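First comes the structure, then the notes that go with it.
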Amino acid sequence: MEHPENDSQYIGLTVNEGVAQPPITNPYLVRRRRKPLPTVGEMVEGILRGDVTMLSRAVTLVESLAPDHQQLAQEVIEKCLPYSGNSRRIGITGVPGAGKSTSIDVFGLHVLRDGGRLAVLAIDPSSERTRGSILGDKTRMEKLSTHPGAFIRPSPSAGSLGGVARKTRETIVLCEAAGYNNIFVETVGVGQSETAVHSMVDFFLLIQLAGTGDELQGIKRGIMEMADGIVINKADGDNVDRARLAQAQFRSALRLFPPTASGWSPEVLTYSGYFELGIPEVWDMIDRYFDFVIGNGYFERRRREQARYWMYETIDEKLRSRFYNDPEIASMLTDREAAVLDNRQSSFIAARDVLEYYFRNRM
415 MEHPENDSQY IGLTVNEGVA QPPITNPYLV RRRRKPLPTV GEMVEGILRG DVTMLSRAVT
475 LVESLAPDHQ QLAQEVIEKC LPYSGNSRRI GITGVPGAGK STSIDVFGLH VLRDGGRLAV
535 LAIDPSSERT RGSILGDKTR MEKLSTHPGA FIRPSPSAGS LGGVARKTRE TIVLCEAAGY
595 NNIFVETVGV GQSETAVHSM VDFFLLIQLA GTGDELQGIK RGIMEMADGI VINKADGDNV
655 DRARLAQAQF RSALRLFPPT ASGWSPEVLT YSGYFELGIP EVWDMIDRYF DFVIGNGYFE
715 RRRREQARYW MYETIDEKLR SRFYNDPEIA SMLTDREAAV LDNRQSSFIA ARDVLEYYFR
775 NRM
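Residues are numbered in our numbering as their position in the sequence shown, beginning at 1, plus a constant of 414.
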């Protein structure tokens, strides 16, 4: 459209044509096609060869919610299963700020110096509002993240600790098949994920702090009963005496607990992750534990119990998923929920009606 200001009646007034608008997209952008997924055979071959890229792609499939990815991941896990089980699985937990990531960094380097290979699986807490996770554990494992013998994989909890724990259990199988003979599983440290992680590891290490207030707050019966070893971090400088006092308090508390199923008496040690003090002593304790439980047969018995536990956990998860993803059940739940909120039906009767309908028409 021409500018009316350029008409002859407007003497001395002209408007120049504007500059053409550039395209929204970059004209020099070359769109690359996404590489197709490797076959199950290629993926398994790469994992057994120790290919970190192939291992990472397999773990991504395990964490994916897409049905076709899940099916592919299960086939890969099934073929890798005969090559798994040859590692020491160690769960590491503690309150936020206890120094779990820094400790894993120095513990891992200690393991790698002995010629082993290490996989670190970190469960990262997700926001309840956005469901997002920072996944920044590798930034606190500066030395370990650049070591060629280490594989670090953070995973978001995404509000479902049970689901991410199952995926972590499957990732352990893949890492073991790839030749990693030491597996560290770091928990979110909020009190709920510890039980799930305890059901997939051989040794459960609890990291505590001293000098942060009432040490009795750290003596929680549930988490203490699961711990195979307790270590008090930041035992350096002016905090050494407080760390030793906390060590004595934890030792006294452990005497009140019943004997462990393994027969092992949990030990309490002090160390400093930042200054790398007392690290060999912590690892000597872990070595003694494995010698003890392998010698009395508890190691193999616990592995079998864990395999059975995850079979039933998977069944529960699949049944729950199938129930809630059924379109008719979803519609019926909406109606029953409205009736419950309007006080027209009790919660128990509403649940009974939905379950009876499901069992009658879907089973």
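Quick reminder that beta carbons are idealized off the backbone N, C-alpha and C, glycines included. Every value quoted in this text rests on a predicted model; they were computed, and no experiment measured them.
**Message:** My parser needs the beta strand (DSSP E) runs of 3 or more residues fully inside the stretch 676-727; what are they?
**Reply:** Complete beta strand (DSSP E) runs here, min 3: 681-684.
**7 Å Cβ cutoff met for His483 and Leu475** = Working through the sequence shown from its first residue, we reach residue 483 at position 69. Working through the sequence shown from its first residue, we reach residue 475 at position 61. The answer is yes: Cβ separation under 7 Å.
**Request:** Count the C-beta pairs between the stretch 725-732 and the stretch 558-567 that are closer than 8 Å, then say yes if the count reaches three, no if not.
**Result:** The stretch 725-732 is not in contact with the stretch 558-567.
**Asked** For Ser761, which of helix, strand or coil comes out of DSSP?
**Response** Here the question's residue 761 lines up with position 347 in the sequence shown. Three-state DSSP puts Ser761 in a helix.
**Message:** Let me check understanding here. Comparing Cα to Cα, which of Pro436, Glu742, Val458 and Leu523 lies closest to Leu588?
**Reply:** Numbered from 1 along the sequence shown, position 174 holds the residue referred to as residue 588. Nearest option by C-alpha distance: Val458.
**Message:** Tell me the residue span of the beta strand (DSSP E) that contains Thr507.
**Reply:** Residue 507 sits at position 93 when you count from the first residue of the sequence shown. Note, Thr507: beta strand (DSSP E), Arg502 to Gly508.
**Prompt:** What is the residue span of the alpha helix (DSSP H) that Leu486 lies within?
**Reply:** Position 72 of the sequence shown, counting from 1, holds the residue named residue 486. In the DSSP assignment, Leu486 falls within the alpha helix (DSSP H) that extends over Pro481 to Cys494.
**Prompt:** Given 8 Å as the limit, is there contact between the stretch 763-771 and the stretch 738-752, that is, 3 or more CB pairs closer than that?
**Reply:** Between the stretch 763-771 and the stretch 738-752 there are three or more inter-stretch CB-CB distances shorter than 8 Å, so the stretches are counted as touching.
**Request:** Under 6 Å Cβ to Cβ from Leu486, same chain only, skipping five residues before and after it: list those, please.
**Result:** Position 72 of the sequence shown, counted from the start, is the residue given in the question as residue 486. Contacts found: Leu475.
**Request:** Evaluate Thr684 with the Cβ neighbour count: other Cβ atoms within 10 Å of its Cβ, from every protein chain shown; 16 or more gives buried, anything less gives exposed.
**Result:** Here residue 684 corresponds to residue number 270 of the sequence shown, with the count starting at 1. Buried.
**Asked** What did DSSP end up calling Ser422 once you bin it into helix, strand or coil?
**Response** Locating residue 422 in the sequence shown gives position 8, where the first residue counts as 1. Coil at Ser422, not helix or strand.
**Prompt:** Can you pull the DSSP bridge partners for Gly643?
**Reply:** In the sequence shown, the residue the question calls residue 643 occupies position 229. DSSP, once it has assigned bridges, lists Leu619 and Glu681 as partnering Gly643.
**Request:** Please report the residue range of the alpha helix (DSSP H) in which Glu600 lies.
**Result:** For this step, residue 600 is matched to residue 186 along the sequence shown. Per DSSP, Glu600 belongs to no alpha helix (DSSP H); it is in the beta strand (DSSP E), Asn596 to Glu600.
**Prompt:** Looking only at DSSP bridge pairs, what is Ile537 linked to?
**Reply:** Along the sequence shown, read from residue 1 onward, the residue named residue 537 stands at position 123. DSSP lists Ser569 as partners of Ile537.
**Request:** Give me the Cα-Cα distance between Ala536 and Tyr703, rounded to the nearest whole angstrom.
**Result:** Indexing the sequence shown from 1 puts residue 536 at position 122. Indexing the sequence shown from 1 puts residue 703 at position 289. Those two C-alpha atoms are separated by around 23 Å.
**Request:** Quick one: grab the DSSP three-state call for Ala649.
**Result:** Numbered from its first residue, the sequence shown carries residue 649 at position 235. Looking at Ala649 - three-state DSSP - the assignment turns out to be coil, as it is neither helix nor strand.
**Request:** Starting from the Cα of Gln608, find the closest Cα among Arg531, Val754, Ala641 and Ser498 and give me that residue.
**Result:** Numbered from 1 along the sequence shown, position 194 holds the residue referred to as residue 608. Strictly speaking, residue 608 in this sequence is Glu, with Gln absent from that position. When each option's Cα is compared against that of Glu608, the closest is Ala641.
**Prompt:** Three or more C-beta pairs closer than 8 Å, one from the stretch 578-587 and one from the stretch 447-463: is that the case here?
**Reply:** The stretch 578-587, when compared against the stretch 447-463, does not touch it at the 8 Å Cβ threshold.
**Asked** Exposed or buried, what is Arg734 when buried is set at 16 or more other beta-carbons lying within 10 Å of its beta-carbon?
**Response** Looking up residue 734 in the sequence shown gives position 320. The residue in question, Arg734, is exposed, as its Cβ has fewer than 16 Cβ neighbours within 10 Å.
**Request:** Return helix, strand or coil for Ala624, following the three-state DSSP convention.
**Result:** By 1-based counting over the sequence shown, the position of residue 624 is 210. Three-state result, Ala624: coil.
**Message:** Less than 7 Å between the C-beta atoms of Gly505 and Phe664, yes or no?
**Reply:** As a working mapping, residue 505 is identified with position 91 in the sequence shown. As a working mapping, residue 664 is identified with position 250 in the sequence shown. Cβ distance not < 7 Å, so Gly505 and Phe664 don't count as in contact.
**Request:** Counting only the same chain and skipping the five closest in sequence on each side, list residues whose C-beta sits under 7 Å from that of Met699.
**Result:** Numbered from 1 along the sequence shown, position 285 holds the residue referred to as residue 699. Closer than 7 Å at Cβ, skipping near neighbours: Gly643, Glu681 and Leu683.
**Message:** What would DSSP say about Leu532, mapped onto helix, strand or coil?
**Reply:** Taking the sequence shown and counting its residues from 1, one reaches residue 532 at position 118. Note: Leu532 maps to strand in three-state DSSP.
**Glu590 vs Ser501 beta-carbon contact at 7 Å** = Counted from its first residue, the sequence shown places residue 590 at position 176. Counted from its first residue, the sequence shown places residue 501 at position 87. Yes.
**Message:** So, with DSSP's three-state summary, where would you put Ala434?
**Reply:** For the purposes of this step, residue 434 is taken as residue 20 along the sequence shown, with counting starting at 1. Coil at Ala434, not helix or strand.
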